[in-house]
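K.L.:
Residue numbers (this note's numbering): 4 to 596.
1) Looking at the unbroken alpha helix (DSSP H) that takes in residue 175, where does it start and where does it end?
2) Can you tell which of 348, 439, 313, 499 has its C-alpha closest to the C-alpha of residue 329?
3) From residue 33 to residue 43, what distance separates their C-alpha atoms?
4) In the DSSP output, which residue or residues are listed as bridge partners for residue 297?
5) Tell me whether residue 189 is buried or exposed, calling it buried when 16 or more other Cβ atoms sit within 10 Å of its Cβ.
6) Which same chain residues, not among the five before or five after residue 3, have their C-beta less than 6 Å away from its C-beta?
7) Which full runs of the alpha helix (DSSP H) of 4+ residues lie inside the region 186-254, going along the chain?
8) Counting Cβ pairs closer than 8 Å, one from the region 358-367 and one from the region 62-74, do we hit at least three?
9) Can you tell me whether residue 182 is helix, strand or coil according to DSSP?
10) Report the rounded CA-to-CA distance for residue 247 versus residue 297, giving the unit in angstroms.
11) Compare the beta carbon distance of residue 97 and residue 149 with 8 Å and say whether it is the shorter of the two.
12) Excluding five sequence neighbours on each side, which residues of the same chain lie with their C-beta closer than 7 Å to the C-beta of residue 88?
13) Could you tell me whether the Cβ atoms of residue 144 and residue 123 are closer together than 8 Å?
14) Do residue 443 and residue 392 have their CB atoms nearer than 8 Å?
15) Just checking, does the region 424-441 make contact with the region 472-484 on the three C-beta pairs under 8 Å criterion?
16) Using DSSP's beta-bridge definition, name the partner residues of residue 13.
17) Buried or exposed for residue 292, going by 16 or more other Cβ atoms inside 10 Å?
18) So, for residue 214: in the same chain, excluding its five sequence neighbours on each side, which residues have a beta-carbon less than 8 Å away from its beta-carbon?
19) Could you tell me the alpha carbon to alpha carbon distance between residue 507 and residue 553, rounded to whole angstroms?
20) Indicate whether residue 340 and residue 317 have their beta-carbon atoms separated by less than 8 Å.
21) Excluding the 5 residues flanking residue 191 on each side, which residues of the same chain have their C-beta closer than 8 Å to its C-beta?
22) Relative to the C-alpha of residue 26, which candidate in 6, 54, 38 has its C-alpha closest?
23) Note down the Cα distance separating residue 104 from residue 147, rounded to an integer number of angstroms.
Here it is in C-alpha cells:
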C-alpha cells in the first residue's frame, strides 16, 4: 500500500489567485450577513481591494519568476513570466472594469436590474423596482470570473484549464442577464452565450480526451515530451493528437471571438449590461488569448522537432482563421448602426489582428501579444465606460433643462446606442467625446496611441515568422477599420443633433403593467419601448414639442469618470512612451519553465 505524499505548495505563488477567489467567497458571506444598507459599499471596497491586492502580489512575484519560473501544486499551475504578465493585465483591467460597474450616474441608478430573475414587465419586477432592491451579488460574481481568468491563463494542465474555463464562464452567463434596460434582450444574450458556450466547452473537453488518448497525460509540457520521445507515426496515434489539439483550439477560439466561432459576440455585447460588456470584452480576451498561446506554443515544441508538416498544417489553420476574422470584423463592422454592435465587431477584428501575430510562431509573439492585450483592454473598457453615460432623456421645453445637466424636470431613460443619436455629442460633452475619440483612434492603430504600438508588434511577429503577406492583409484590414471608427467620430463632432420631433407626431408606446416612466426606452423615431414582455400592450400617444426626447450625457458620480480618465491617460502614455512597458513584456517572452 503506497503512502500518500502531499505536494509542497508555494503559497506566495498562489497569492494572486487566492486573494481574488478568497474575496469572492467573502463576498458571498457578505450577501448573507451584512445589512442591506451597507452591503453595496462593502462589496465594492472588497472587490477593488482584492483586485489591487492581486496585482500587488503579481508585482512581488515578478522578479523571482523572471529568473526562475515555478510549477505549483504538482504542475497544475505553472507560473512563467508570460503567465504572470497575463495575470497582472487581467487584474488591472478588472479593476478598471469594476470602477465602471460600480458607478451610479446622476439618475441614482446603476446598470443592473433590481431583480434579474424577474420576468420583464411583471408585477414582481415592478415591486422590486419600487422597493429599491440592488444587485450587489454581481461583485462576488465578478471576482469569481476574474479568478477563473487568472487561472485559465496560467495553468499547464488541460483539466485545470477546463475547470478555469467554467469558473470564468458561468458568472458571465449570469451577469449578461442582469441589464436594467432592454431586459428581454439581456436575457436573450445570456441564453445565447450559455448555449454556445456549453457547446464550445464540450468541444474543448472532447479534445482533451483525445490528447490524453495519445499522450497518457494532460500536462502540456509532458505532451510535448511524449511527442519528442515517441515520434509521430503517419497514422493511428498522431490522428488523436491532431484532432485533439484542433478541438481544444476551437474551444479557445470561441472565447477569443474568432470567426467562425464569433456568432455570439455581437448579440451578447449588445444585450449585456454595458459595464459587463466592457469587462468581458477586455478581460476574457486576455485570458483566452493567453491560454491559446500556451497551448499552441507548448505542444508545438515537440511537434516541430518530430514532424514539421503537422506544425505547418496547424499554422495554416490559424492563418485561415485570422484572415476570416479580420475580414468579418472589418467588413460587417463598417455597416453597423449601433455603437455596441460596432464595438463588438471591432473586438472580432482585433481577435484577427492578434491571431496574425500568433500565427508567426516565434518567441517575439509572447511579448507583443501581452502588450496588444493591455492596449486593447484599456481602450475597450474606456469606450464602454463612455457608452454607459450617453442616455436618452425626455424633457419639456422651457423647463430650464434643455441641453443642460440632468435635473428633476428631465426623465432619464435607457442608453442611447444608435449611432445617429450620437450626433452633436461633441458639443454637449467635449471632454467625454475627446476621450472616446482617443479610444477609437487607438483601436484603429493611429500613431502616438497604444494601439499603433500594439499592431506594429503583432504584424512584426508575423513577418518574423515568414508571413509577410499576412501582415500586409492585417494592415489593409486596419485601414478598412479606420473608416468605421472615423464615421462615428464624424457623427459625434461634425453633425448636428436631431433631437426635436415634428410639431405633432404619433408614436407607438409599448407599456407594461406597472412600468415606470424612468424605466422606458425611447427610440430615435419617437417610439417609447419598455423592457416589456408579451403581456405588454401597444397604445398611441401624441408627442408634441411639449414633450420630446433628447440625447444627453449624464454625470458620473465618480468611479466611471475615474476609469475613463485613467484609460485615456494610459492610452496616451503607452503610445508616446511605451519603452518601460515594452521592457517588462520582453521579459515575458519566456513561457516554458
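Virtual Cβ for every residue (Gly too), placed ideally from N, Cα, C. Keep in mind the model is a prediction, meaning the values are calculated, not measured.
P.N.:
Based on what the coordinates show:
1) Looking at the DSSP string, the run of the alpha helix (DSSP H) that includes residue 175 is 161-178.
2) 348
3) 10 Å
4) Answer by DSSP bridge pairing: none, since residue 297 is not bridged.
5) Classification for residue 189: buried.
6) This structure leaves residue 3 out entirely; the chain is present only between 4 and 596.
7) Qualifying alpha helix (DSSP H) stretches, in chain order: 186-218, 223-233.
8) no
9) strand
10) 15 Å
11) yes
12) 373, 588, 591
13) no
14) In this structure, residue 392 does not lie closer than 8 Å to residue 443 by Cβ.
15) no
16) None; residue 13 has no bridge partner.
17) buried
18) 161, 221, 226, 243, 244, 247, 248, 251
19) Residue placement at residue 507 is flagged as unreliable, the pLDDT there being 37, under the threshold of 50; the coordinate-derived value follows with that caveat. Straight-line Cα distance between these residues: approximately 16 Å.
20) no
21) 270, 274
22) 54
23) 15 Å
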